[in-house]
Amino acid sequence: MRHDDFGTARRHAPTWSGVQGALVGLLVTALALGVAELAAALWQVPGPVVLVGDAVVDLSPATLTAWSMDQLGEYQKPVLLSGILGMLALSAPVLGAAALNRPWVGYVGLLGFAVVGAIAVLVQPAHGPTALAALASGTGAGAVGLGVLLHQARRTRAAGESLAVSPSPSPGPGQAGPGSGTSDASDSLGRRVEEETGAAAEPAGACAAVPARRGFLIAGAGVLGTAVTTAGIGRWLAGATGAAAAREQLRLPAPQQPLPPLPGSADLDIPGLAPFRTPNTDFYRIDTALRVPRVPPQQWVLRVHGMVDRPLQLSFDDILRRDLTEADTTLTCVSNEINGDLVGNTRWLGVDLAEILREAGVAASADQILSTSTDGWTCGTPTEVVLDGRNALLAIGMAGEPLPLRHGFPARMVVPGIYGFVGATKWVTDIKLTRFADEQAYWAQRGWAVRAPIKTMCRIDVPGAFAEVPAGETIVAGVAWAQRRGIDGVEVRVDGGAWRQAELAEVPGVDTWRQWVAELPLDPGGHTIEARATDGAGDTQTGDRTDPIPDGATGWPSIRITAS
Ligand SMILES: Nc1nc2c(c(=O)[nH]1)N[C@H]1C(S)=C(S)[C@@H](COP(=O)(O)O)O[C@H]1N2
Ligand SMILES: [Mo]
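Once you know that position 308 of the sequence shown is 308 in the UniProt record's numbering, the rest is easy, because the numbers rise by one and skip nothing.
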């Protein structure tokens, strides 16, 4: 802003042009984001901020993703998205200010943001050309907004400067032009003379700055209004026409052979103990998606292809017309720490996955079912696991409702006995029969196991860690799981003493967790309580502590409490 050196203009220009530049940057960014958001909603793809965030997650080392999930939990995703918006909010004003004197900086900055967005699309092939088109719409709108605002800004400054410069002759059009390499002042002045000659109605003098400034503010308000309106309509569209509305209207057919009601004694009803059936709203959520994918069922198609005799394409209506079955299955995350809560149990409704595979006719050498979700996440499931007669489902219902959006609406896989990352693909749209030797799924590429049966495990829910309890008989309770094998016993001990058998609740089958309870006499003072489970195959969970990576944590849960 070297023209500030021209005498009186200094009093007008310094703060105002700084603010003006920052405003140009912020408004143009908002406009580009708003329009891109609207286009993305129309075409049912994620908007630019979510796209970039998803790419950051994808490109981050797995250890960083796991660490941040650990540190931030549910807040990981909002924190990342705010970080991206924050970086835009910091860089946009700087670029805007620079663009006042060198408009190309603004256009190049805009293009730079678009390139970052395009890279984000390209590293996530799931989104493809429509996401790029949404990005391009936003960039185009931003460029138009930038042109308009820069033009208005130039008029303001021209009006202010003509007051300052009028005593000395302005340089003629031939003397300095854009890119002439002379000072910015002569550059912008030269352009002013070129561009404003036609608009001689502009009165020279201090007062001219005011209408010109008003012109800038009106244009700015227009850009802001457009940004807010497009972003708002985009949001509304995504909510109203999309998956959420369809889910509300969906009525699931009843299963062919409903499971009997749960044994009443599956629930010991002990305060603080996880209920046998986890309510949907409390069910843990683990996925790499920054924004929950919104897949309208009428657009959902499942492809079954690869090493099969008869490739299939199933619509959601096709699924609804098939025989539906129910399964009580406990889902567990391989990242669950000892005594962690990345485990939940519910009654799923869906079609038999093995039946679909048999219909397609799987080649004998296809040892991997590589499934892909709409957001490009992939999962490798051993074929023989799904075909061995267990209750593997393409699930559409959870606890009597359509799947919640965050748990994979409209359809996901649920395979009992293996951790979620190798068998529970949410928003699944593609099932490819292939071989482990030929293709690797998302977490396998990042150092996690390829085959991951669930380890026999238990958890102490009651008393809570570091609880203070009355001395004497104390209730200790928890859950234990070893899907496919079932739980045959749980033992507890105090301060490394003798193991005692806990009582077990009833279970509907071998694929769910099992509640357990024991009463322990406790002397006043601090105590360590440990637990270990024995599965239906007779194997007792090991006391060796290992980390979750690569195929699930091991070790006995242990809590410290004080009795008084
Ligand atoms: N599309 C998709 N499906 C996914 C994942 C994912 O990141 N993306 N994560 C898996 C993992 S690691 C687990 S443990 C389960 C968790 O399912 P939930 O969130 O419904 O509890 O989903 C699995 N399915
Ligand atoms: Mo997981």
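Note that the Cβ used here is the ideal one computed from N, Cα and C, for glycine as well.
Q | Ordered list of alpha helix (DSSP H) runs contained in the segment 90-146, each at least 4 residues | A | 103-122
Q) At what residues does the alpha helix (DSSP H) containing D54 begin and finish? A) For D54, the enclosing alpha helix (DSSP H) has its first and last residue at 48-59.
Q: Return the first residue and the last residue of the alpha helix (DSSP H) that E337 is part of.
A: Premise fails: E337 is in no alpha helix (DSSP H) and is neither H nor E.
Q: Since I believe G106 is in contact with G117 (beta carbons under 8 Å), could you give me their beta-carbon distance rounded to a whole number of angstroms?
A: With a Cβ gap of about 17 Å, G117 and G106 do not count as contacting.
Q) Got a sec: does ligand 2 put a non-hydrogen atom nearer than 8 Å to the Cβ of Y419? A) yes
**Q.** Rounded C-alpha distance that separates G496 from T330
**A.** 30 Å
(Q) When you measure from the CB of P293 to every non-hydrogen atom of ligand 1, does any distance come out below 8 Å? (A) yes
Q: With DSSP as the reference, label I286 as helix, strand or coil.
A: Looking at I286 - three-state DSSP - the assignment turns out to be coil, as it is neither helix nor strand.
Q.
Just checking residue 566 against ligand 2 - is the residue's beta carbon closer than 8 Å to any of the ligand's heavy atoms?
A. Outside the shown range of the chain (1 to 564) lies residue 566, about which nothing can therefore be said.
Q) Where does A22 fall in DSSP's three states? A) helix
Q. When you compare only the Cα positions, how much space is there between D328 and R347?
A. 4 Å
Q.
In the DSSP output, which residue or residues are listed as bridge partners for S17?
A. DSSP output for S17 lists no bridge partner at all.
Q. According to the neighbour-count rule (16 or more other Cβ atoms, all chains shown, within 10 Å of its Cβ), is V108 buried or exposed?
A. The C-beta of V108 has fewer than 16 other C-beta atoms within 10 Å across all chains shown, which makes the residue exposed.
Q. Smallest Cα separation from T156: which of W104, P129, L122, G220?
A. G220
Q: Report the option in A395, P296, R390 whose CA atom is closest to the CA atom of R322.
A: A395
**Q.** Cβ-based neighbour list, K426, same chain, cut-off 7 Å, excluding 5 preceding and 5 following
**A.** The residues are D287, S373, H407, G408, R412.
Q) With A444 and A482 assumed to form a contact (beta carbons below 8 Å), what rounded beta-carbon distance in angstroms separates them? A) Actually they do not touch by this definition, with Cβ atoms about 23 Å apart.
Q.
Using a Cβ-Cβ cutoff of less than 8 Å, which residues in the same chain neighbour V123 once the five nearest sequence positions on both sides are dropped?
A. A55, D58, L59
Q. Considering Q515, what are the terminal residues of the alpha helix (DSSP H) in which it resides?
A. That residue, Q515, is in no alpha helix (DSSP H); its beta strand (DSSP E) goes 514-522.
Q. For F466, which residues from the same chain have a beta carbon less than 8 Å from its beta carbon, with the 5 sequence-adjacent residues on both sides left out?
A. I559, R560, I561, T562
Q) What is the DSSP secondary structure of P173, reduced to helix, strand or coil? A) Its pLDDT being 37, under 50, P173 is placed unreliably in this model, and the coordinates cannot settle the point.
Q | Distance between V223 and L217 (C-alpha atoms, nearest Å) | A | 10 Å
**Q.** Residue interval of the alpha helix (DSSP H) (run including E473)
**A.** Taken as a continuous stretch (DSSP letters only), E473 belongs to no alpha helix (DSSP H), being part of the beta strand (DSSP E) at 472-481.
Q) In chain order, which continuous runs of the alpha helix (DSSP H) of length 4 or greater are located wholly inside the UniProt domain "Oxidoreductase molybdopterin-binding" (291-443)? A) 316-321, 353-360, 383-387
Q: With a floor of 4 residues, list each alpha helix (DSSP H) that falls wholly inside the segment 235-275, ordered by position along the chain.
A: 243-249
Q. So P557 and R459 are in contact, right, with Cβ under 8 Å, and what is the actual spacing, rounded?
A. 6 Å
Q: My understanding is that R310 touches G361, with C-beta atoms under 8 Å, so please give their C-beta distance in whole angstroms.
A: 5 Å
Q | With 16 other Cβ atoms within 10 Å as the buried cut-off, status of T456 | A | buried
Q) Would you call the segment 229-248 and the segment 288-306 in contact, with 3 or more CB pairs under 8 Å? A) yes
Q) If you compare alpha carbons, which of S365, V386, G340 is closest to E355? A) Across the set S365, V386, G340, the C-alpha of V386 shows the shortest separation from the C-alpha of E355.
Q | ligand 1 heavy atom lying under 8 Å from the CB of F409 | A | no
Q | Beta-carbon gap between L100 and S17 smaller than 9 Å | A | yes
(Q) According to DSSP, is V492 part of a helix, a strand, or is it coil? (A) strand
Q: Go ahead and pull the three-state DSSP assignment for S82.
A: Correct three-state label for S82: helix.
**Q.** Simplified DSSP assignment, three categories, for R485
**A.** coil
**Q.** Cβ-based neighbour list, V225, same chain, cut-off 6 Å, excluding 5 preceding and 5 following
**A.** Note that residue 225 corresponds to Gly in the displayed sequence, not to Val. None.
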